[in-house]
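Novice: Residue numbers for the sequence shown follow my numbering, so the first one is 112 and each next one is one higher.
Positions of the beta carbon are idealized from the N, C-alpha and C atoms, including for glycine.
Just dropping this structure here.
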Amino acid sequence: MDALKRQAAARALEHVQDGMKLGLGTGSTAKHFVELLGEKVAKGMRVIGVPTSEATRAQAQACGVPLTTLDEIDHLDLTVDGADECDGALNLIKGGGGALLREKIVAAASDRMIVIADDTKWVDVLGRFPLPVEVIPFGLAATQRAIVSAFAQSGVSGQMEVRKAKDGHVFVTDGGHWIVDAHLGKIPDAPRLAGLLSVIPGVVEHGLFIGLARTAVLAGAQGIRVVERR
Ligand code: 5RP
């Protein structure tokens with residue numbers, strides 16, 4: 112699986128040109144991309160990156176990739192990031208690694224987003240992977256009730272749990288928020304659910320990435336498949 116992730120990352124790297132401003136994703140697949148990008152930089156390629164998490168910031172620095180922030184530059188040429196699920200419209204579930212907020216800010220600031228993944232992430236209908244919803248700890252129960260209502264309005268339901276870190280404590284995002292993971296099974300209308308979740312006051316952001324990815328690079332046993340958004 113790791114070899115497939117690296118293949119997808121390597122293919123996405125072909126889209127990187129000298130001088131580009133890049134969004135650098137988070138997760139085990141994006142990690143390969145940052146590592147391969149570091150090798151290009153070591154050979155003289157000039158790029159600058161905006162990391163989507165503190166983990167990616169640390170890795171990019173260790174790999175010698177120059178970094179900046181969205182306060183210092185006005186847009187990004189390309190973001191390359193992983194995903195937990197990708198459907199035929201290139202709508203995504205992201206946030207398995209807890210970086211969805213910065214990932215979405217960075218993707219939205221980019222002219223183009225390329226998703227890199229092994230082909231197990233490809234689904235007909237989003238929702239098999241628990242949907243991460245980043246929330247403010249204050250008023251959590253009220254926020255969860257509003258989330259349940261949003262689910263009902265978009266025809267989905269399922270258990271929700273506050274994400275825990277490996278040490279058993281509540282997982283805290285880079286932004287200081289919590290994540291609620293919702294086990295929905297299938298989300299028949301992801302754009303509608305995304306809209307409903309976005310207007311809940313205690314929801315900071317959710318893991319539905321609608322209309323952000325333009326290209327998906329999916330690596331599988333049969334080779335690499337590149338899907339462009341129609
Ligand atoms: C992190 C993410 C990741 O991109 C997503 O979880 C995929 O990770 P991996 O490449 O390790 O499977 O959204 O918040």
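Using the C-alpha atoms, what's the distance from residue 313 back to residue 251?
Specialist: 7 Å
Novice: For residue 266, I'd like the list of residues in its chain whose CB is within less than 8 Å of its CB, leaving aside the five on either flank, ordered along the chain.
Specialist: 299, 300
Novice: Please report the straight-line C-alpha distance between residue 302 and residue 154, rounded to a whole angstrom.
Specialist: 42 Å
Novice: Given a cut-off of 8 Å on the beta-carbon distance, is the pair residue 248 and residue 290 in contact?
Specialist: no
Novice: Starting from residue 317 and walking both ways along the alpha helix (DSSP H), at which residues does that stretch end?
Specialist: Secondary structure note for residue 317: it is in no alpha helix (DSSP H), and the uninterrupted beta strand (DSSP E) holding it is 314-317.
Novice: With DSSP run on the structure shown, which of helix, strand or coil describes residue 183?
Specialist: Residue 183 carries a coil assignment under DSSP once its states are collapsed to helix, strand and coil.
Novice: Let me check understanding here. Comparing Cα to Cα, which of 322, 295, 205 lies closest to residue 71?
Specialist: There is simply no residue 71 to check, as the chain begins at 112 and stops at 341 in what is shown.
Novice: With distances taken between CB atoms, is the gap from residue 118 to residue 335 smaller than 8 Å?
Specialist: yes
Novice: At which residue ranges does the segment 258-332 contain complete beta strand (DSSP E) runs of 3 or more residues, listed in the order of the chain?
Specialist: 271-273, 289-293, 314-317, 326-331
Novice: Verify whether the separation of the beta carbon atoms of residue 192 and residue 163 is less than 8 Å.
Specialist: yes
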